[in-house]
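Here's the structure, in structure tokens; my notes come after.
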Amino acid sequence: MTADIDEFETVAGDFLRADPVRNTVLLTVVASLKTSGATTYSDTPPYFGWYADSEVRAAFLRTPPMPAIVTDAPAGAARELVEVLDGAPGLHAPTATARAFAQAWHAANGHEPKTASQRRLFRLVDLTPPHPAPKGRARLVTDVDRDLLVEWFAAFGIDVGEPRADAARAVDRRLENGELLLWELDGVPVSMAGVTTPIAGVTRVAPVFTPAGLRGRGYAGAVTAALSRRGLDAGHEVILFTNIANPTSNALYQRLGYRPIGDWTELDLA
């Protein structure tokens, strides 16, 4: 365990970058903390950990008040993680790791953690833009869009069941890094999509949002396709997560050429 991000990166960095697709969330959070500081996600400092024998086998981090983010891990790591995550509200991990942790949690505490959500990780294999494309065009966001983006980020958090108090902080970070595209119709923004800063050749699409009154018109697919094309043209591997319970988004991204590669589970430990 450590509160020192440099120590964590020194010890666990090679392990994480060896599989930048499966470790995408943890890698991007570490990168944000390195760039923007320990209070990037909240005013409470993050903490980190890894599990090793002759080499690192698993790693995790937590940025309070958010759940812990955990990599693939052997069963022994899951048992030890129960002790160090006492007091955490939840855990987000590959489903096999989450199941092992849930069993260890039950053995230690006498009750089963609840499944808060299940997500599927997709890799872009063959980009197929929507046809016919909706009217409008994609463009990069500017500082003029900030207020709208803050509103949309907050609404996205509510939509996915993760209300956030730091929408403005998240938008400012994305604006600074040039990680957001808008789809606009007649000069009016109607949808947005973002990507993470590329790490080890991988970039992840997130978030994708269209206001409720504008959905079903193809805007989300169009802006995601435009953003995906930018990633491919830059030579990056492009990935994204979907909520397994949302058949609309799962079907949309598969039509765009994304293919599933694994499932992740978030556990509620409260």
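Going by numbering that gives the first Met the number 0, the sequence shown opens with residue 0, and the numbers climb by one from there. Think of the CB as a built atom: it goes at the ideal place given N, C-alpha and C, for glycine as much as any other residue. All values derive from a computational prediction rather than experimental measurement.
First and last residue of the beta strand (DSSP E) that includes SER116? 113–123
Counting only runs of 3+ residues fully inside the stretch 129–175, write out the beta strand (DSSP E) ranges in chain order. 136–139
By DSSP's criteria, PHE59 is part of a beta bridge. Which residues make up the other side? GLY48 and VAL69
Anticipated Cβ contact below 8 Å, THR62 with PRO45, distance rounded: 4 Å
Roughly how many whole angstroms lie between the Cα atoms of GLY12 and THR94? If I take the Cα positions, the gap works out to 22 Å.
Note down the Cα distance separating ALA67 from ASP185, rounded to an integer number of angstroms. About 42 Å.
Limits of the unbroken alpha helix (DSSP H) element including ARG258: Premise fails: ARG258 lies in the beta strand (DSSP E), 257–267, not in any alpha helix (DSSP H).
Beta-bridge pairing of ALA270 - partner residues as DSSP gives them: Summary: the structure shown does not reach residue 270, with the chain confined to residues 0 through 269, and so no result is reported for it.
Roughly how many angstroms separate the alpha carbons of GLY215 and MET191, rounded to a whole number? 14 Å
GLY12, DSSP secondary structure in three states: helix
Classification of SER53 by the beta-carbon crowding that lies within 10 angstroms, buried from 16 upward: exposed
Host beta strand (DSSP E) of ALA92 (start-end): 89–93
From the DSSP output, in three-state form, read off GLY230 for me. helix
Would ALA101 and GLU111 be called neighbours here (beta carbons separated by less than 8 Å)? yes
Using the rule of at least 16 other Cβ atoms within 10 Å of the residue's Cβ for burial, across every protein chain shown, is ARG119 buried or exposed? So ARG119 counts as buried.
Of all the options ASP171, THR196 and ARG138, which has the alpha carbon lying nearest to the alpha carbon of TYR218? ARG138
Between which two residues does the beta strand (DSSP E) holding ASN242 run? Residues 236–242.
Taking LEU239 and VAL201 to be in contact with their CB atoms under 8 Å, please state how far apart those CB atoms are, rounded to whole angstroms. Contact flag wrong, Cβ pair sits at about 11 Å.
Per the contact definition of three or more C-beta pairs closer than 8 Å, is the stretch 133–148 in contact with the stretch 168–183? yes
Let's see if you can read the secondary structure: which residues bound the beta strand (DSSP E) around THR202? 201–208
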